[in-house]
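> Here's a structure for you.
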Amino acid sequence: MVPDTVEELNVAADGKSLDSEFLRFKLSEPDDHALEQALILKEKHGGKVTVVALDAPEVDDVLFTALAKGADRAVKIPINQAGLGTTASAKVLGDFFATAGPLTPDTLLLPGSQAIDDLEGEVAPLLAAALKLPYLGVVCGVKPADGKVTVLKEFAGGLRGEFEVTLPAVLGIQSAEKPPRYVPVAKVRAAMKSAKIEEAALTPPERPSQLDIERMYKPEAAGHARMFEGGSEEVADQLVEVLAKNSVI
Amino acid sequence: MANPILVLAEQLRGEISDVSFEMLGTGRALADAAGAPLCAVLLGSEAAPLAAKLGLADKVFIADHPQLNLAPPATVTAALKALIDHTQAGLVLLGCTNVSLGIGSLLAAQTGLPLVNFCRAAKADGPAILLTSQLFGGKILSDVRLLDGRGIVCISPGAFPADAGKSDKSPPVEKLDLPVEVPGVTFKRYLEPETGDVDITKQNVLIGVGRGIQTQDNVQLAEDLAAALGGAVCASRPVIDQGWLPLSRQVGKSGMTVKPRVYLACGISGAPEHWEGMQNSQCIIAVNTDAKAPIFDGAHYGVVGDALELLPILTDKIKARKG
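Taken in order, these protein sequences are the chains called G and H.
Mapped onto our numbering, the consecutive letters of the first sequence carry residue numbers 3 to 251.
Mapped onto our numbering, the consecutive letters of the second sequence carry residue numbers 8 to 330.
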């Protein structure tokens, strides 16, 4: 879960964290794609999808939505993710998988590749390190191949690489093969009535963050765009002049 | 003498990425302040001819092995860990890029060094290093102090001047046999970029569309404007992920880097991943309903408003002007 950046973000009185009072949380986009990729794999090749989340505002809605989309189990770890850095989050998730029993050779752990608050690093490689599993990130495609998986990773400039990964493994998903599916609110409500979110009690990490954060603040831009104001007609006239000045008309 | 500073020089198929020079320039300033040597490392069988370009480093290490070409993060991490042990490096600089993603975290887990991601500014403060990172899509900055100057820092591309990392000097080069571990992840082949109907890197005018375009049908409004201007439409990640435009039109970290004469960003907030791919456009015009969208901090011209309303009016005016 990450703060919705469409909303105004403010720094708390301690000067080192976000003011949580008016924060609205949403599922991190790569995590949404990770769920979609898991559901696609289940539909094409069978298996079961378990969604695991640390506690956060709105997390129950996200877990019920995942169940409504087709996930088989939803598990909430009742440790608040607020204030936990990625190292501590990965440790808790690692403890969860370690205590849930040995991972079967066909298990894939699919976190999002990266999140907008990954100051200390990404959960996917840290989880892989904790569980001593193979890892690849920036993944945009997964398909099974003879007891392994063939994985596509994005580099840059549209160049991608194909890798073979042994199982079990952690793959940081950047984008699913298809856009995350839409699920009607009525189906989510039905899931809230019929399904249950399981809870897994774990010990909170001793050290919530690895870093000495001095302060958080809003950026003060060195420069700012010259703003055009007025009605659409007026603004369009001014933009035409800019386009002409730059010799594209 | 303080512990060396180590830069992982990133290269993609025989070409050194700009972020490598950004890291060298930053690393040089930090090394000089600390009285520490600056070392760079190049991995892979295409590395050796590239060492001469890293003249700002006091020493360049090369591990020439085909399995280190665009190697999986754990393979690179094992090599770097061995090099840290060999050099006693205290600070490691990596690119905050798709190529290097995950290496820093794995290395932090192995070495116990703290990792600072998304770094956009770095300065020495006595034995400490003060870093500034950009979080939450560019809406918040965070200052982090590495008290003893030791850690792993992932540098955001485009945040530091690449020219400051270039030098004509020939650096001393040392070849090393670093471990080549392949823990369950094996590179098979490259998949070349999809060639679309339009090469967006060669356009004079680009109309960039983002989440604010709202629906696939609305992309046509941008197409109409692009047609009137003789340009093309490109997009930020959310639009591509929705399948509204092909991958060949993506601008940003995973997509193309473009430098058109005019880039008109419609409904694009200006998240760092997108900004990275279009920041060097000659003239950037941004249209966004959110007056606080980060794109206005970098654009040359801005309009707070609805691109969906503005686009058809602008198209008509351009057509009328062209006659």
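Cβ atoms here follow ideal geometry from the backbone N, Cα and C, with glycine treated the same way.
In chain order, what are the residue ranges of uninterrupted beta strand (DSSP E) at least 3 long that sit wholly in the region 110–165 of chain G?
137–147 and 150–156
> Which residues in the same chain as lysine 130 (chain H) place their Cβ atom closer than 6 Å to its Cβ, once the five residues preceding and following it in sequence are excluded?
If we look at lysine 130 (chain H) and ignore the five residues flanking it on each side, its Cβ neighbours are Leu137.
> Are the Cβ atoms of arginine 35 (chain H) and leucine 63 (chain H) separated by less than 8 Å?
yes
> If we define contact as Cβ-Cβ less than 8 Å, is phenylalanine 66 (chain G) a contact residue for chain H?
no
> For glycine 215 (chain H) and tyrosine 137 (chain G), which I take to be in contact (beta-carbon distance under 8 Å), what is that distance rounded to the nearest angstrom?
Contact doesn't hold; Cβ gap of about 33 Å is too wide.
> Would you call the region 50–67 of chain H and the region 151–166 of chain H in contact, with 3 or more CB pairs under 8 Å?
no
> So, for threonine 88 (chain G): in the same chain, excluding its five sequence neighbours on each side, which residues have a beta-carbon less than 7 Å away from its beta-carbon?
Answer for threonine 88 (chain G): Asp120, Glu122, Gly123, Glu124, Val125 and Leu128, listed in chain order.
> In terms of alpha-carbon separation, which member of H:Thr208, H:Ala229, H:Ser276 and H:Asp224 lies closest to glutamine 257 (chain H)?
H:Thr208
> Below 8 Å between beta carbons: does that hold for histidine 35 (chain G) and proline 146 (chain G)?
no
> Alpha carbons only, please: which of H:Ser107, H:Phe194, H:Ala9 and H:Asp65 is nearest the one belonging to glutamate 181 (chain H)?
The shortest C-alpha separation from glutamate 181 (chain H) is found at H:Asp65.
> With a threshold of 8 Å between beta carbons, is isoleucine 220 (chain H) in contact with chain G?
no
> Just list the residues that DSSP pairs glycine 215 (chain H) with in beta bridges.
In DSSP, glycine 215 (chain H) forms a bridge with H:Cys241 and H:Ala272.
> Does the distance from the C-beta atom of phenylalanine 157 (chain G) to that of phenylalanine 194 (chain H) stay below 8 Å?
no
> Where does glutamine 223 (chain H) land, buried or exposed, given buried means 16+ other C-beta within 10 angstroms?
exposed
> Enumerated in chain order, which unbroken segments of the beta strand (DSSP E) with a length of 3 residues or greater are wholly contained in the region 77–163 of chain H?
98–102, 122–132, 135–142, 147–153 and 158–162
> Measuring alpha carbon to alpha carbon, tell me which of H:Gly191, H:Ala242 and H:Pro200 ends up nearest glycine 149 (chain G).
H:Gly191
> Just the Cα atoms here: how many angstroms apart are asparagine 211 (chain H) and valine 265 (chain H)?
10 Å
> Would you tell me roughly how many angstroms separate the C-alpha atoms of valine 190 (chain G) and arginine 75 (chain G), rounded to the nearest one?
14 Å
> By how many angstroms is the C-alpha of leucine 11 (chain G) removed from the C-alpha of arginine 152 (chain H)?
23 Å
> Would you please state the rounded distance, in angstroms, between the beta carbons of leucine 75 (chain H) and threonine 82 (chain H)? I believe it to be under 8 Å.
7 Å
> Enumerate in chain order the residues of its own chain whose CB-to-CB distance from valine 140 (chain G) is below 6 Å, with the five nearest sequence positions on each side excluded.
Ser115, Lys155, Glu156 and Gln176
> If you measure from the beta carbon of isoleucine 175 (chain G) to each beta carbon in chain H, is any gap under 8 Å?
no
> Alpha carbon to alpha carbon, how far is proline 301 (chain H) from asparagine 124 (chain H)? Give it in angstroms, no decimals.
19 Å
> Going along the chain, which residues of its own chain have a beta-carbon closer than 6 Å to the beta-carbon of alanine 130 (chain G), five neighbours each way excluded?
Closer than 6 Å at Cβ, skipping near neighbours: Tyr137 and Val172.
> Does the Cβ of proline 107 (chain G) have 16 or more other Cβ atoms within 10 Å, making it buried, or fewer, making it exposed?
exposed
> Helix, strand or coil: how does DSSP classify arginine 191 (chain G) here?
Correct three-state label for arginine 191 (chain G): helix.
> List the residues of chain G whose Cβ lies closer than 7 Å to the Cβ of glycine 250 (chain H), in chain order.
Per Cβ cutoff of 7 Å: Pro181.
> In angstroms with no decimal places, state the Cα-to-Cα distance between glycine 219 (chain H) and glycine 133 (chain H).
Within the model, the alpha-carbon separation for glycine 219 (chain H) versus glycine 133 (chain H) is close to 46 Å.
> I'd like to know whether the C-beta atoms of leucine 69 (chain G) and alanine 193 (chain G) end up nearer to each other than 8 Å.
yes
> Would DSSP call arginine 228 (chain G) helix, strand or coil?
strand
> Short check: CB of alanine 1 (chain H) to CB of glycine 32 (chain H), under 8 Å?
Look at the range of chain H in this structure, 8 to 330, and you will see that residue 1 (chain H) is not part of it.
> Taking 8 Å as the threshold (beta carbon to beta carbon), is valine 187 (chain H) in contact with chain G?
no
> Under a three-way DSSP split, which group does threonine 264 (chain H) fall into?
coil
> Inspect the CB distances between the region 17–25 of chain G and the region 197–217 of chain G and report whether three or more fall short of 8 Å.
yes
> In whole angstroms, what is the alpha-carbon distance linking serine 140 (chain H) and isoleucine 147 (chain H)?
8 Å
> What whole-angstrom Cβ distance do valine 51 (chain G) and alanine 73 (chain G) have, given they're in contact under 8 Å?
4 Å
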